[in-house]
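Accompanying notes for the structure given below.
What follows is the structure, encoded as C-alpha cells:
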C-alpha cells in the first residue's frame, strides 16, 4: 500500500509540477577540454555570474546533461567558443564545437584576439537557433575591426554600430514573419539582447571618447532616453551590461567625473539619482559596494551606512554585510607604538583650534587613555553613546576618555555634539593626516575603541562595544592590571 501511494504521489508531482529542464548535448573538437559551462543572463551582484550547469565531457569528447531552468529564457553556453540560445523547458539542443581552418579575429576592448573554434546549435525549434543565425548574418559585435581601428573617428564608429543594430532588428523582424507562432517572450528577449549590445558599446564609447560635435548629440539623447528596468536587466546579459556601463561610465563622463578617491561616493549618488526602478537601484548599488570592497576607499564605511538605509533588498544587505564584516574583522595586534608622525597628527577641538594628538595625550601621563573613534553618520557609533557615557562615569578617575570624529563636515560634527550632549575631550580629525594615524592602528571601520598610554603605546587595539558591559569591564580591568607598572605613582 505504501509503495502504491508513493508511486501515485510521484506521478501526481510530475503531472502537476513538471520538472523545468532542457537537454543540452553535443561534441567538442578538442581533447583537452573537460567541461561545458551553462550560465543564466543575470549576474548576481554578490556571487557573480550564475552558473546553471558545469557539464563534464567524456573521453569520446561528447557531453550530455539535463539543465534545470526557471522557465523560457536565454542561456549562454561556453566551451572554447561562446554561444547564446533561447530555450523553453522540455527543449533538446545539440551544440557542436568545431575547429576553424582559418581563425576568426575578435576585438575585445582595445585588444585583438584570434578565435580558433565555432559553436553551432542544432534544434528542431527555430527560436533555439535564432542567435546563431543572427551572428552569422550580421557578425558578432566583437568581430568588427573598426571598433579599435584608430583611422576611424569615434562618431563614425558609433554610426556603424548603429547601422549594425538596425540590421539586427530588421533580421529579427524578418525572422518573426517567417516563423509564425513565436512567443511574445522570445520576441521581447531577443530585442533586448540586440538593443543591449548596442547601448553597451555606445555607453562605453563615450567614456573612452567624450562627445565633441553635433553628430554626437543624437547618440547622447539616445543614451539618455534608454530606460533600464528590472525585467530587462534580469533577462538579458547584454542589457544588464549596458546598464552597468551607463551608471558606471557614461554618466560619470557626462557629469565630468574622473577617477578619484571619491569614485565610490560619486557612483553611489549617480545610481541613486538616475535609476528609476527600485530593483535596478538595489542591484547596482549592491554591485558597487562589492566592487569597491577590496579597494578599501577611505569613505567606504560611510557609503556602506547609506547603502543599508537606502537598499530595500534584505538579502542583498545581508550578503554585503557578511562579506564586509568578514573582511574588516580586526585581529588583536600587540606591541604597537604610534610613530612620531602619527602622534603629531592634527585634530580640531570644538572651538576650531588645531592641536597635535601628542599634546592631548601628554596631559594624562598617569592614566590609561580610552580612545573612541566615531562619526555622526555612523549608526552603530551613535547607538553606543549612552553606554560610553556610563563607562566614562565609572572609570573617569583612572582613565582619560578621548573621542576622535571622522566627520567630514564640521557642521555635522558640531550638530552631533549638541544633539547627543557630548562634552569633554571631543576632537575632529584633520583629514590631511588622518590616514597616517588610522593605518598604524589598522582601523578600517568604526566604531572602534582603543586603550593606550600617553606615549602612544597601544594596550588594547580592538575593545568590545561599551554595550557589552561585562566584557568591556573585564577588558579594561585586565588592561589596568597589566599596564600598572607603566605609569608614574
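Numbering (UniProt numbering), first residue to last: 1 to 489.
Note that CB positions come from ideal geometry on N, CA and C, so glycine has one too.
From a predicted model like this one, the values you see are computed outputs, not experimental measurements.
Taking the Cα positions, residue 37 is about 48 Å away from residue 407. If you draw a straight line from the Cα of residue 240 to the Cα of residue 47, it comes to about 15 Å. Listed as beta-bridge partners of residue 163 by DSSP are no residues whatsoever. Where residue 336 is concerned, there is no enclosing alpha helix (DSSP H), because DSSP gives it neither an H nor an E.
In this structure, DSSP gives residue 316 a helical state, which the three-state scheme calls helix. With a minimum length of 3 residues, the unbroken runs of beta strand (DSSP E) contained wholly in the region 41–65 fall at 48–56. In the displayed model, residue 25 falls within a strand according to three-state DSSP. Closest in alpha carbon position to residue 116, among 123, 290 and 103, is 103. Of the candidates 436, 138, 450 and 300, 300 places its Cα closest to the Cα of residue 377. Nearest in C-alpha terms to residue 92, of all of 127, 101 and 81, is 127. Secondary structure in the region 275–311: the alpha helix (DSSP H) runs of 4 residues or longer, each lying completely within the stretch, are 278–291 and 300–310 in chain order.
For residue 79, the enclosing beta strand (DSSP E) stretches over residues 73–79. By the neighbour-count definition (other C-beta atoms within 10 Å, threshold 16), residue 193 is a buried residue. In the DSSP assignment, residue 356 falls within the unbroken beta strand (DSSP E) covering 354–356. In the DSSP assignment, the residues bridged to residue 94 are 25 and 122. Secondary structure at residue 426: strand, using DSSP grouped into helix, strand and coil. The residue from 306, 41, 400 and 121 with its alpha-carbon nearest to that of residue 426 is 400.
Residue 307 sits close to residue 289, with the two beta carbons spaced by under 9 Å. Here residue 264 is near residue 303, since their CB atoms are less than 9 Å apart. Residue 266 and residue 94 have their C-alpha atoms spaced approximately 47 Å apart. The beta carbons of residue 445 and residue 483 sit about 26 Å from each other, so the pair does not count as a contact at 8 Å. The residues 345, 346, 347, 348 and 354, in chain order, have a CB closer than 8 Å to that of residue 430 in the same chain once the five nearest residues on each side in sequence are set aside. Per DSSP, the beta bridge partners of residue 460 are 451. The region 129–138 and the region 166–183 touch, with three or more beta-carbon pairs separated by less than 8 Å.
Of 78, 291 and 455, the smallest CA-CA separation from residue 121 is found for 78.
Beta-carbon to beta-carbon, residue 87 and residue 69 are separated by about 7 Å, close enough to satisfy the 8 Å threshold. For residue 230, the uninterrupted alpha helix (DSSP H) segment begins and ends at 230–233.
The straight-line gap separating the alpha-carbon atoms of residue 316 and residue 268 is approximately 16 Å. DSSP places residue 342 within a helical segment (H, G or I) once states are collapsed to three. For residue 370, the uninterrupted beta strand (DSSP E) segment begins and ends at 368–374. Taking C-alpha positions only, residue 20 is separated from residue 125 by approximately 17 Å. Under the DSSP definition of a beta bridge, residue 39 partners with 51 and 76.
The region 21–29 and the region 49–62 touch, with three or more beta-carbon pairs separated by less than 8 Å. Around residue 387, the same chain offers 466 and 467 as residues with beta carbons nearer than 6 Å, after the five sequence neighbours per side are excluded. Contact annotation: residue 165 and residue 197 have beta-carbon atoms nearer than 9 Å.
Counting every other CB atom within 10 Å of its CB across the protein chains shown gives residue 276 a total below 16, marking it as exposed.
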